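A.B. asks: Mind having a look at this structure? Questions to follow.
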Amino acid sequence: MATLHVLSHSPFADSRLTSCLRLLGSNDALLLCGDATYALTQATAPLQALEDRVNTFELYALEEDIQARNMTVPGWVKRVDYAQFVELSIRYDRVNTWL
Amino acid sequence: MAKRQQKARIAGFLLSSAWEFFIIAGVSLNEHPMKFAIALFSAAHAPSSRRALLFARAALAGGHEIVRLFFYQDGVYSASANVVAPQDEQDIAAQWREFVSENQLDGVVCIAAALRRGILNEEEAQRYQRASANLTAPWELSGLGQLHDAAQSADRLICFGGP
Amino acid sequence: MTRSLLVISRQAPWSGLSAREALDVVLAGGAYDLPIGLLFMDDGVLQLVQTQDAAAVQQKDLTANLKALEMFGIEDVFACGKSLAERGMFPGNLNIAVRQLPQEQDISELIDRYDHVITI
Chain V
1191 MATLHVLSHS PFADSRLTSC LRLLGSNDAL LLCGDATYAL TQATAPLQAL EDRVNTFELY
1251 ALEEDIQARN MTVPGWVKRV DYAQFVELSI RYDRVNTWL
Chain S
15 MAKRQQKARI AGFLLSSAWE FFIIAGVSLN EHPMKFAIAL FSAAHAPSSR RALLFARAAL
75 AGGHEIVRLF FYQDGVYSAS ANVVAPQDEQ DIAAQWREFV SENQLDGVVC IAAALRRGIL
135 NEEEAQRYQR ASANLTAPWE LSGLGQLHDA AQSADRLICF GGP
Chain Z
1404 MTRSLLVISR QAPWSGLSAR EALDVVLAGG AYDLPIGLLF MDDGVLQLVQ TQDAAAVQQK
1464 DLTANLKALE MFGIEDVFAC GKSLAERGMF PGNLNIAVRQ LPQEQDISEL IDRYDHVITI
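Here the protein sequences come in this chain order: V, S and Z. Counting with the numbering used here, you get residues 1191 to 1289 for the letters of the first sequence. Counting with the numbering used here, you get residues 15 to 177 for the letters of the second sequence. Counting with the numbering used here, you get residues 1404 to 1523 for the letters of the third sequence.
Written as structure tokens, this is what we have:
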């Protein structure tokens, strides 16, 4: 049983990313969308926190949000569109959006 | 049942094998049709309201079913009939209405959350003697039981909210 | 096949409507005899502080709703141990009985036991 966690809050203004990373299981995945994609900004603490865990969970980011923010994201982040977002929600047993 | 799903099912029956159907329809070979319940917690101007709508469209495009849309907390604002979006911006409230109507979906707004936030249909506006109503078809006002009912029918419950 | 739902409540009692509306989801599920779990974590544990006086800020007292959980058959009520400790709270002096989850791993295992999850 595995969970797809979804975040949309900026990691700089908010503690959801920190809380989420604490309880991410080894089979879980994290999808960053909206302002949560700022966590992928180069040379920042959130990116470092994600990089430290790079092999322990699957990390996805919503393509439109990366594009909107003109971000350069590391190769180990999997970029997804909405069709793939739907597929992810099926592949994992449940979706936990951090509202 | 949504039109796309009806067409997909008919196509499935007409084709000689399920394999051909999946290849032609472009459906992922990993999936069979899933039932989604989608809950929205944010207003029409929130990016997450648009994101929920795009996800919902993608779910139908992928051949899946949406058993219910349930608008809760600030999601009730996404059902407001009175949102006036600037001409050069997306009118997400209007797009939600169109999406629900065109696909004949069950669009439910939580009545307790709606009342608290001043989203009332004609019936409630009359009941509480308010100046006007701002919730119309295709939206129905109902209780949290509808959220639970949707969760019982759905393979996946997906929530959208926040930014 | 009855599907189970875990509600994770992360907000303080009077920080808008989140705490109240998370509880409403849980109690509604209880009214329909559904398998519902409730986890308090992060600021959500602040809902469990004893002897709060909501009237002082003219807010709804959620303690009555919390006490109703048992009446509605909601027995699976948990609190994140780390969230409690961070806020100077202890399992012994809360307004309702909860099962404390001391480790983060306990939380991810808890989530794994449910079909659906809503984190408010």
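Built from N, CA and C at the ideal position, the CB exists for glycine as well. The model shown is predicted, which means the values in this text are computed figures rather than measured ones.
Which complete alpha helix (DSSP H) runs does the stretch 1194-1263 of chain V hold, if anything under 4 residues is left out?
C.D. replies: As far as the stretch 1194-1263 of chain V is concerned, its whole alpha helix (DSSP H) runs of at least 4 residues are 1206-1213, 1235-1242, 1253-1258.
A.B. asks: Against chain V, with Cβ distances strictly below 8 Å, would Z:Asp1427 count as a contact?
C.D. replies: Counting from 1 along the third sequence, the entry for residue 1427 of chain Z is found at position 24. With 8 Å as the cut-off, Z:Asp1427 does not count as an interface residue toward chain V.
A.B. asks: Looking at C-beta atoms only, is the number of pairs between the stretch 90-104 of chain S and the stretch 114-133 of chain S that lie closer than 8 Å three or more?
C.D. replies: The stretch 90-104 of chain S, when compared against the stretch 114-133 of chain S, does touch it at the 8 Å Cβ threshold.
A.B. asks: Which partner residues of Z:Thr1405 appear in the DSSP bridge assignment?
C.D. replies: Within the third sequence, numbered from 1, the residue matching residue 1405 of chain Z stands at position 2. DSSP output for Z:Thr1405 lists no bridge partner at all.
A.B. asks: In chain Z, what lies closer than 8 Å to V:Asp1218 by C-beta?
C.D. replies: Position 28 of the first sequence, counted from the start, is the residue given in the question as residue 1218 of chain V. Residues of chain Z passing the Cβ test: Ser1511.
A.B. asks: What's the C-alpha gap between S:Ala168 and S:Met48?
C.D. replies: Sequence index remark: in the second sequence, residue 168 of chain S carries index 154 (1-based). Sequence index remark: in the second sequence, residue 48 of chain S carries index 34 (1-based). Spanning the two alpha carbons is a distance of roughly 8 Å.
A.B. asks: Taking the alpha-carbon positions, what's the Z:Asn1498 to S:Leu83 distance?
C.D. replies: Mapped onto the third sequence, residue 1498 of chain Z falls at position 95. Mapped onto the second sequence, residue 83 of chain S falls at position 69. Each residue's alpha carbon lies about 35 Å from the other.
A.B. asks: The beta strand (DSSP E) that contains Z:Asp1479, what's its start and end?
C.D. replies: Within the third sequence, residue 1479 of chain Z is the residue found at index 76, counting from 1. Segment 1479-1483, the beta strand (DSSP E) holding Z:Asp1479.
A.B. asks: Which residues does DSSP list as the beta-bridge partners of Z:Ala1453?
C.D. replies: The residue labelled residue 1453 of chain Z in the question sits at position 50 within the third sequence. The question names Ala, yet the displayed sequence has Gln at residue 1453 of chain Z. Per DSSP, none; premise fails for Z:Gln1453.
A.B. asks: Going by Cα to Cα distance, which pick from S:Arg170, S:Trp153, S:Gln140, S:Ala73 is closest to S:Gly89?
C.D. replies: If you number the second sequence from 1, residue 89 of chain S lands on position 75. Nearest option by C-alpha distance: S:Trp153.
A.B. asks: Could you tell me whether any Cβ in chain Z is nearer than 8 Å to the Cβ of V:Asn1286?
C.D. replies: In the first sequence, residue 1286 of chain V corresponds to position 96, counting from 1. Yes, contact with chain Z.
A.B. asks: Against chain V, which members of the stretch 1432-1460 of chain Z pass a CB distance test of less than 8 Å?
C.D. replies: Hits within the stretch, in order: Met1444, Asp1445.
A.B. asks: Looking at C-alpha atoms only, which residue of S:Gln109, S:Gln101, S:Leu149 is the closest neighbour of S:Arg65?
C.D. replies: For the purposes of this step, residue 65 of chain S is taken as the residue at position 51 of the second sequence. When each option's Cα is compared against that of S:Arg65, the closest is S:Gln109.
A.B. asks: For the stretch 73-135 of chain S, which segments carrying the beta strand (DSSP E) assignment without a break, of at least 3 residues, lie completely within its bounds, in sequence order?
C.D. replies: Correct list: 79-85, 121-124.
A.B. asks: Give the straight-line distance between the Cα atoms of V:Phe1202 and S:Gln160, rounded to the nearest whole angstrom.
C.D. replies: On the first sequence, residue 1202 of chain V is found 12 positions in, with the first residue counted as 1. On the second sequence, residue 160 of chain S is found 146 positions in, with the first residue counted as 1. Each residue's Cα considered, the two are about 36 Å apart.
A.B. asks: Decide if the stretch 1439-1447 of chain Z is in contact with the stretch 1408-1418 of chain Z; the criterion is three or more beta carbon pairs, one per stretch, under 8 Å apart.
C.D. replies: The answer is yes - the stretch 1408-1418 of chain Z touches the stretch 1439-1447 of chain Z, with three or more Cβ pairs under 8 Å.
A.B. asks: Exposed or buried, which one is Z:Gly1495 when buried takes at least 16 other CB atoms within 10 Å?
C.D. replies: Residue numbering aside, residue 1495 of chain Z sits at position 92 when the third sequence is read from its first letter. Flag for Z:Gly1495 reads exposed.
A.B. asks: Using a Cβ-Cβ cutoff of less than 6 Å, which residues in the same chain neighbour Z:Lys1485 once the five nearest sequence positions on both sides are dropped?
C.D. replies: Translated into the one-based positions of the third sequence, residue 1485 of chain Z becomes position 82. So no residue of the chain qualifies.
A.B. asks: Compare the beta carbon distance of V:Ala1273 and V:Val1263 with 8 Å and say whether it is the shorter of the two.
C.D. replies: In the first sequence, counting from the first residue as 1, residue 1273 of chain V sits at position 83. In the first sequence, counting from the first residue as 1, residue 1263 of chain V sits at position 73. Against a cut-off of 8 Å, the Cβ pair of V:Val1263 and V:Ala1273 comes out as no contact.
A.B. asks: Assign S:His46 to one of two classes, buried (16 or more other C-beta atoms within 10 Å of its C-beta) or exposed (fewer than that).
C.D. replies: Reading the second sequence from its first residue, position 32 is the one you call residue 46 of chain S. Per the 10 Å Cβ criterion, exposed.
A.B. asks: Are there three or more Cβ pairs, one per stretch, closer than 8 Å when the stretch 1470-1484 of chain Z is compared with the stretch 1429-1440 of chain Z?
C.D. replies: Short answer: they touch.
A.B. asks: Residues of chain S with a CB under 7 Å from the CB of V:His1199: which are they?
C.D. replies: One-based indexing of the first sequence puts residue 1199 of chain V at position 9. Ordered by position in chain S, the residues that pass the 7 Å Cβ test against V:His1199 are Gly176, Pro177.
A.B. asks: S:Ala126 versus chain Z: which residues are under 9 Å apart at the beta carbon?
C.D. replies: Taking the first residue of the second sequence as position 1, residue 126 of chain S is located at position 112. Those within 9 Å of S:Ala126 in chain Z are Glu1424, Asp1427.
A.B. asks: Taking the C-alpha atoms as reference points, what is the distance between V:Asn1217 and V:Glu1248?
C.D. replies: If you number the first sequence from 1, residue 1217 of chain V lands on position 27. If you number the first sequence from 1, residue 1248 of chain V lands on position 58. Looking at the two C-alpha atoms, the distance is approximately 8 Å.
A.B. asks: Less than 8 Å between the CB atoms is what I'm expecting for Z:Phe1475 and Z:Leu1513, so what's the real figure, rounded?
C.D. replies: To locate residue 1475 of chain Z, count along the third sequence from 1; it is residue 72. To locate residue 1513 of chain Z, count along the third sequence from 1; it is residue 110. That belief does not hold up - the Cβ atoms of Z:Phe1475 and Z:Leu1513 are roughly 20 Å apart, past 8 Å.
A.B. asks: Can you pull the DSSP bridge partners for S:Ala168?
C.D. replies: The residue given as residue 168 of chain S occupies position 154 in the second sequence. Bridge partners of S:Ala168: none, in fact.
A.B. asks: Whole angstroms are fine: how far does the CA of Z:Leu1441 sit from the CA of Z:Ser1412?
C.D. replies: In the third sequence, the residue the question calls residue 1412 of chain Z occupies position 9. In the third sequence, the residue the question calls residue 1441 of chain Z occupies position 38. Approximately 7 Å between the Cα atoms of the pair.
A.B. asks: List, in chain order, every chain V residue whose beta-carbon is nearer than 7 Å to that of S:Ser62.
C.D. replies: By one-based count along the second sequence, residue 62 of chain S stands at place 48. The answer, in chain order, is Ser1198, Gly1224.
A.B. asks: I'd like to know whether the C-beta of Z:Asp1515 is nearer than 8 Å to at least one C-beta of chain V.
C.D. replies: The count along the third sequence starts at 1 and reaches residue 1515 of chain Z at position 112. At least one chain V Cβ lies under 8 Å of Z:Asp1515.
A.B. asks: Starting from V:Lys1268, follow its DSSP beta bridges and name the residues at the other end.
C.D. replies: If you number the first sequence from 1, residue 1268 of chain V lands on position 78. Answer is V:Tyr1250.
A.B. asks: Take the Cβ of Z:Pro1505 as the centre, count every other Cβ of all protein chains shown within 10 Å, and call the residue buried at 16 or more, exposed below.
C.D. replies: For the purposes of this step, residue 1505 of chain Z is taken as residue 102 along the third sequence, with counting starting at 1. Answer is exposed; the Cβ neighbour count stays below 16.
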